[in-house]
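By the numbering used here, the letter at position 96 of the sequence shown is numbered 99, and the numbering carries on one by one without gaps.
Positions of the beta carbon are idealized from the N, C-alpha and C atoms, including for glycine.
Have a look at the structure below, then the notes.
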Amino acid sequence: MGSPWLRIRLLPEVPPRLLRPHLRRTLSVRASASASASPDGAGGPVRVRFAPSPTGNLHVGGARTALFNYLFARSKGGKFVLRIEDTDLERSTKKSEEAVLSDLAWLGLDWDEGPDVGGEFGPYRQSERNSMYKQYAEKLMESGAVYRCFCSSEELEQMKETAKQMQLPPVYMGKWGTASDAEIQQELEKGTPYTYRFRVPKEGSLKINDLIRGEKQGQPVYNFCVTVDDATMRISHVIRAEEHLPNTLRQALIYKALGFPMPSFAHVSLILAPDRSKLSKRHGATSVGQYKEMGYLPQAMVNYLALLGWGDGTENEFFTIDDLVEKFTINRVNKSGAVFDAVKLKWMNGQHLRSFPPDVLIKSFEDRWKDTGILQESESGFAKEVAELLKDGIDLITDADAALSNLLSYPLHATLSSDEAKSVVQDKLSEVASGLISAYDSGELCQALAEGRDGWQKWVKIFGKSLKRKGKSLFMPLRVLLTGKLHGPDMGGTVVLIHKAGTCGAVTQQSGFVNLDERFRILKEVEWESLVQEQESPAETAVPASP
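Shown next, in the form of structure tokens:
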């Protein structure tokens with residue numbers, strides 16, 4: 004219903020108690036670093052928390068907030084606390100909670116206290132902390148800081164509608180804030196349901212000193228459970244998204260009313276889509292789990308999320324999590340929104356993928372290809388060789404399938420018919436094809452390929468001299484004729500492995516592999532004259548008849 008309508012949850016076990024008369028006073032509260040926690044974490048034990056609601060998947064924005072909390076805690080030798088805010092009982096699910104915890108663990112953000120590991124200040128689910136909330140609700144009642152509101156849902160909706168017609172924000176009219184003791188007692192005796200409302204002074208304003216955004220002020224309401232949780236868990240620094248900035252203004256009143264010391268606050272910018280709107284599902288994948296399923300590495304996700312609003316002041320963009328812990332400071336977090344660039348994330352994933360030890364990287368590709376059925380067990384060493392050839396062009400483990408399938412395929416006709424191949428075809432490609440077919444039929448080419456790259460290099464040098472071609476005019480035609488493509492990884496390595504794939508027994512039928520015999524059968528069937536004529540004649544453009 005909007006921030007002015009936030010109320011304390013009904014606590015029916017709290018015994019009826021008459022309220023003290025409400026005295027209006029001018030609001031004057033300033034929230035800054037508490038005595039036990041300086042803004043940079045140097046003045047006392049640092050304790051931060053990440054408090055997700057288990058109502059869906061872990062959004063990349065939430066993951067970045069968790070990461071900044073984690074980095075701040077680890078860089079200060081403090082504690083990282085995980086708390087589950089599951090008071091929305093209708094939407095909260097155990098499955099969602101487990102997924103959030105799983106995603107955080109996958110990212111490597113291990114927590115010191117939480118619902119699964121316990122800790123000194125538990126329980127760590129809000130739904131298990133009701134007795135504590137009741138205790139502090141009673142304290143607020145006794146101080147006169149809150150009052151019972153007996154308004155029905157229908158009455159509140161009518162107030163909202165009235166405010167809307169008057170073009171005003173939906174503000175509670177304070178009906179029960181000034182009720183007499185007799186009126187309140189009458190409703191209690193009737194058993195009318197009620198909630199608690201905080202007495203927000205209408206005069207003055209609240210100021211907070213945000214570690215990222217500087218001084219902010221406004222007219223607040225409040226959030227009760229979060230304040231009680233942060234205070235009783237001795238959270239020293241609250242680092243969260245800027246959309247929670249109004250909550251800080253609200254919660255400051257609760258801190259003051261309950262006599263809690265105020266933590267330091269830092270509100271990080273939102274993550275934006277390329278069009279600078281708030282990142283949402285319509286922009287593609289937005290949850291950590293989705294990126295995990297797509298084959299992204301946790302190291303790359305952590306690195307990229309850290310750079311969305313933070314930098315170490317250098318041009319460096321490659322960081323391990325240990326690097327980030329060493330270099331992270333809250334004062335280098337940017338105020339402005341950070342744009343989520345999926346292309347850059349994929350590039351960064353490739354950087355981390357290729358930073359793996361060679362044997363680990365190659366083994367991951369081998370396992371992937373065997374799991375997907377493209378390759379089968381073989382002592383030939385084919386998987387290792389092809390992984391070495393393709394690794395520089397693969398940014399995601401899941402892309403390894405397409406990379407290998409592409410290497411094994413032979414789309415010659417589609418390539419020859421493309422506009423991009425026109426210059427290659429018209430550069431007497433048929434003459435190169437004729438010489439290549441002769442070399443294959445004589446066994447000369449296969450013998451050279453059986454000797455590996457050295458054999459290929461010797462043969463191609465002799466072949467080029469026989470055609471009086473070298474460089475691009477030699478290798479581009481050979482690439483098209485032997486691989487069926489205009490682009491690809493190292494030419495020599497590619498052709499040697501195509502030959503080996505036909506003899507080693509590592510490639511399965513479902514891979515779509517076209518062996519050399521089949522490639523040359525297709526090549527021999529190409530009608531070069533027709534192809535050249537077709538490319539030389541301009542396309543006929545249909546001219547509409549005159550009416």
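As assigned by DSSP and simplified to three states, the class of residue i
i       : result
Asp-374 : helix
Lys-281 : strand
Gly-117 : strand
Thr-96  : coil
Asp-233 : helix
Asn-212 : strand
Val-241 : strand
Arg-28  : Because the pLDDT at Arg-28 is just 33, under 50, the model does not fix this residue reliably, and the value given afterwards should be weighed accordingly. In the structure shown, Arg-28 sits in coil (DSSP, three-state: anything other than H, G, I, E or B).
Arg-50  : strand
Thr-165 : helix
Glu-88  : coil
Tyr-197 : coil
Arg-2   : The requested residue 2 is not part of the displayed model; the chain covers only 4 to 550.
Arg-151 : strand
His-490 : coil
Ser-290 : strand
Lys-82  : strand
Trp-313 : strand
Val-529 : coil
Glu-454 : coil
Glu-218 : strand
Val-174 : coil
Val-427 : helix
Val-363 : helix
Val-435 : helix
Val-346 : helix
Proximity below 7 Å, CB of residue i to CB of residue j
i       : j       : result
Asp-119 : Lys-82  : no
Ile-377 : Leu-410 : no
Ile-215 : Ala-269 : yes
Tyr-413 : Gly-316 : no
Tyr-139 : Arg-200 : no
Val-241 : Val-336 : no
Gln-302 : Thr-511 : no
Ala-148 : Ala-234 : no
Pro-492 : Leu-392 : yes
His-502 : Ser-290 : no
Trp-3   : Cys-152 : The question about residue 3 has no answer, for the chain in this structure spans 4 to 550.
Val-517 : Trp-459 : no
Gly-508 : Ser-381 : yes
Pro-173 : Ala-182 : no
Gln-129 : Thr-68  : no
Arg-253 : Asn-226 : yes
Distance, residue j Cα to residue i Cα
i       : j       : result
Gly-446 : Lys-366 : 34 Å
Ser-239 : Gly-298 : 36 Å
Val-346 : Ala-288 : 12 Å
Gly-122 : Thr-96  : 23 Å
Leu-282 : Ala-341 : 10 Å
Ala-504 : Arg-456 : 15 Å
Leu-572 : Pro-57  : No answer is possible for residue 572: it lies beyond the span of the chain, which begins at 4 and ends at 550.
Ala-424 : Trp-531 : 13 Å
Val-363 : Val-231 : 48 Å
Gly-353 : Gly-515 : 26 Å
Val-427 : Ile-525 : 18 Å
Val-483 : Arg-94  : 57 Å
Leu-356 : Ala-405 : 17 Å
Gly-474 : Leu-481 : 11 Å
Asp-106 : Lys-210 : 36 Å
Glu-454 : Leu-448 : 10 Å
Asn-72  : Pro-55  : 13 Å
Ile-87  : Leu-159 : 29 Å
Thr-497 : Leu-452 : 11 Å
Asp-444 : Gln-450 : 11 Å
Val-224 : Glu-157 : Interpretation of Val-224 is limited by its pLDDT of 47, a score under 50 that renders its predicted location unreliable; the figure taken from the coordinates is listed afterwards. In a straight line, the C-alpha of Val-224 is about 22 Å away from that of Glu-157.
Gln-513 : Gly-312 : 45 Å
7 Å Cβ cutoff, residue i in contact with chain C
i       : result
His-355 : The chain inventory of the structure shown lacks chain C, comprising one protein chain alone.
One or two residues paired with residue i in a DSSP bridge
i       : result
Val-517 : In DSSP, Val-517 forms no bridge with anything.
Phe-268 : Asp-213, Val-241
Ile-595 : Since the first and last residues shown for the chain are 4 and 550, residue 595 lies out of range.
Glu-388 : Paired residues: none, contrary to the question.
His-62  : Ser-290
Cβ-Cβ separation, residue j to residue i (assumed contact under 8 Å), whole Å
i       : j       : result
Ser-469 : Gly-438 : 7 Å
Phe-2   : Phe-75  : The shown model of the chain, from 4 to 550, leaves out residue 2, and the question about it has no answer.
Arg-77  : Val-305 : About 12 Å; that fails the 8 Å criterion.
Ala-309 : Phe-321 : Contact doesn't hold; Cβ gap of about 11 Å is too wide.
Ile-440 : Phe-523 : 6 Å
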